[in-house]
Amino acid sequence: MNGKRRAAAAGQAWQIYSETLDPQAPGLWERTRAVPRMIKAVFRGDYKGMSYGTLGLLAIGVVYIISPIDAVPEILLGIGLIDDAGVALWLAASLVKAAGDYVAWERGGRPHVVVGEPVD
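Using the UniProt record's numbering, the final residue of the sequence shown is 120, and nothing's skipped along the way.
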């Protein structure tokens, strides 16, 4: 990963973390506890803020981190661990951001839309 991409990724992670410190926004612990509820709501079809594709990418990220097969093997100590750390950072930042959106949706009264009915 080149320097510009590393700086952009670090900036995005810092921005998401800073968002959790806002007294109006859900905190990091509340977002962490909301992740299982968010995943269940996506599978039930209640929450439309996250697609199955995004959920699939997050699952692939978890499998990549856990899997012994990597794009860059851990035998190359420095480089092999950096790719896993990058995926873990992306995964954590994505989950924290998505969970914050989900908590805001929950706080807003969980609006439901029934297909075929007019929405006011």
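Ideal Cβ placement from N, Cα and C applies to all residues, glycine included.
Distance from the CA of Asp84 to the CA of Ala13, rounded to the nearest whole angstrom, comes to 16 Å. For Tyr47, there is no enclosing alpha helix (DSSP H), as DSSP marks it with neither H nor E.
Under the three-state reduction of DSSP, Ser67 is assigned to coil, being neither helix nor strand. DSSP, reduced to helix, strand and coil, places Pro36 within a helical segment of the structure shown.
Taking the Cα positions, Asp22 is about 30 Å away from Ile65. With three or more CB-CB distances shorter than 8 Å, the segment 93 to 109 counts as touching the segment 34 to 51. Look at Gln24 here: in three-state DSSP terms it is coil, with no helix or strand label. When only Cα atoms are considered, Gly61 and Gly49 end up about 19 Å apart. A residue is called buried once 16 or more other Cβ atoms fall within 10 Å of its Cβ, and Pro26 is buried on that count. Looking from the CA of Gly108, the closest CA among Ile79, Tyr47, Leu55 and Leu58 belongs to Tyr47.
In the displayed model, Gly61 falls within a helix according to three-state DSSP.
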